[in-house]
Amino acid sequence: MQCTLFTKDLDTNWSVTPHQDLSVPVRERVNATGWSAWCVKEGVTFAQPPQEVLERLVAVRLQLDSGGEATGPLEVTPGSHAMGRLTASKISQLVSTKRVPCSVPKGGVLVMRPLLIHASGKLRGEGRRRVLHFLYGPPLDSGVSWLDAV
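What follows is the structure in structure tokens.
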């Protein structure tokens, strides 16, 4: 239902603070129970779905370049996906106790639940890190439709 290319190199070097992915792309805004935080980003409508939809989302991340600690890999807080939607203070508390880097080799795949607390640091040194991030979700009801569905 969604594919995003993430690129880190010397020209586009960025970091992401610990968070959960809560918003998903949908076809249009509708009045649906449990859906909130509607917004439009770059012409695409996003919303936060109900908990039962968030729990069923799966992200598949395909590593396009050789990676390692110096490429600013994804860092996760194991088990946090099972805790549901968390407040910013709870996320801060959890990442202070456990944060694990996920270095994936070129051509490798990391599969995760978007509710998993995750972050990434900046690229350190030469090279680049490109990742194709595919998001998959269940069929929807309540009149809400994924932006792209197959």
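Per this note's numbering, the sequence shown starts with residue 14, numbered consecutively.
Ideal Cβ positions, reconstructed from N, Cα and C, are used throughout, including at glycine.
This one's a predicted model, so the numbers in the text were calculated from it and none came from an experiment.
In the three-state reduction of the DSSP assignment, residue 66 falls in the helix class. Judged by DSSP in its simplified three-state form, residue 162 adopts coil rather than helix or strand. Taking 8 Å as the cut-off, the beta carbon of residue 118 is found no closer than this to the beta carbon of residue 92. Rounded to whole angstroms, residue 18 and residue 28 show a C-alpha spacing of 15 Å.
For residue 133, the enclosing beta strand (DSSP E) starts and ends at 131-133. Scanning its chain for C-beta atoms nearer than 6 Å, with the 5 sequence neighbours on each side dropped, one finds around residue 129 the residues 89, 93 and 94, in chain order.
Leaving aside the five residues that flank residue 61 on each side, the residues in its chain whose CB is nearer than 6 Å to its CB run, in chain order, 35, 36, 49 and 50.
In terms of Cβ geometry, residue 69 and residue 151 form a close pair [threshold 8 Å].
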